[in-house]
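So the sequence lines, in the order shown, correspond to chains L and V.
FYI, the numbering used here numbers position 58 of the first sequence as 58, with every residue one higher than the one before it.
Heads up, the numbering used here is the position in the second sequence plus 104, with the first residue counted as 1.
Note that beta-carbon positions come from the ideal geometry of N, C-alpha and C, so glycine has one too.
All values reported here derive from a predicted model rather than from experimental measurement.
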Amino acid sequence: MSFNINEVLNNMKTAAFDAVKDDVHVIPDYINEIFEGEKDALKILAEERLAGNFTDEEFLHELEREKDVLETQMLTIEIMTLALAQKAINAAMDVLIKAISLVI
Amino acid sequence: MKTNYVFTNTLSKQFYLLVLLSSFLISSCTVQYVAQYDETVKNEIIRIAGEVDKFFIEQLEMTENERTYLYAKEKYLMIEVDLNSLLTKNEIRALNNQSIKQNELALKLWLDDKEQHKKKDKVSDAIINSHRSQFKRIFIAMAKGEEVKN
């Protein structure tokens, strides 16, 4: 049994792609969800401020809290990215290990 | 004869290199960048999210004057304990820095709610609606962050 590095690398690439192709959309989908939610929240905050339901101090305080909400959501994007990278790398490595096992 | 020796020697080197490489790969065959998925953590996030939402809905049913800190104190403490307990669960897991930070931010905003309520001894509809939306987005982010580790 020979070890064809080009074939193995192609198979690794395919395995990595296949491992994440059904999940990769979660990142842009969630980014859209985050900014749609933020748009709604900021619109309501502005309306409440104009209606006099928030003082200036409360309004600024709410904006500060919105920053923490956004940071929490961005951390989820970071986890999604790492989890997808992990999945792709492990699928590719699995192909490499199997290819090596066949020739030794 | 010499050519044959060189050829055999090269093949032998390739074989040993392959064995060495495979030993290395088999011993470290997977990478891990995020903590293992924990369904109990995800369920706990969803449970706390429900408790927080119930707390805000109950307050919306009351008049502003009825929303005293004394009325809400027990609930604030209960949720604070729940968020602290969740933080401990997150902290003991390896490769979990992002979830720990999310949990700390949720706790920070919850303690801010408690302090603001204590200071003013009342809460407006506008604040309740804003905070209800903020916590909903935070708990969704935390639950999605756990789910994606699966």
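query                                                                                                                 : result
Proximity test, Cβ basis, 8 Å: Glu71 of chain L and chain V                                                           : yes
Check whether Asn207 of chain V and Leu191 of chain V have beta carbons under 8 Å apart                               : yes
Pairwise C-alpha distance: Thr134 of chain V and Glu7 of chain L                                                      : 21 Å
Assigned exposure category for Val252 of chain V - 16 Cβ within 10 Å defines buried                                   : buried
Distance between Leu174 of chain V and Ile27 of chain L (C-alpha atoms, nearest Å)                                    : 43 Å
Against chain L: residues of the segment 225-245 of chain V by CB proximity under 8 Å                                 : Ser228, Asp229, Ala230, Ile231, Asn233, Ser234, His235, Ser237, Gln238, Arg241, Ile242, Ala245
Separation of Ile34 of chain L from Glu219 of chain V, as counted between CA atoms                                    : 27 Å
Neighbourhood of Lys226 of chain V by C-beta, 6 Å cutoff - its chain only, sequence neighbours within 5 removed       : Glu168, Arg171
Classification of Thr55 of chain L by the beta-carbon crowding that lies within 10 angstroms, buried from 16 upward   : exposed
Distance, Asp40 of chain L Cα to Lys13 of chain L Cα                                                                  : 41 Å
Supposed close pair Leu96 of chain L, Val20 of chain L - CB separation, criterion 8 Å                                 : With 8 Å as the limit, Leu96 of chain L and Val20 of chain L do not qualify as a contact, their Cβ atoms being about 17 Å apart.
At least three beta-carbon pairs within less than 8 Å, the segment 55-69 of chain L to the segment 235-253 of chain V : yes
Contact set for Ala117 of chain L: own chain, Cβ-Cβ below 6 Å, skip 5 residues either direction                       : Look at the range of chain L in this structure, 1 to 104, and you will see that residue 117 of chain L is not part of it.
Best match in L:Glu78, L:Glu71, L:Ile100, L:Ala91 for proximity to Leu213 of chain V [C-alpha to C-alpha]             : L:Glu71
Per-residue DSSP class, three states only, for Ala139 of chain V                                                      : coil
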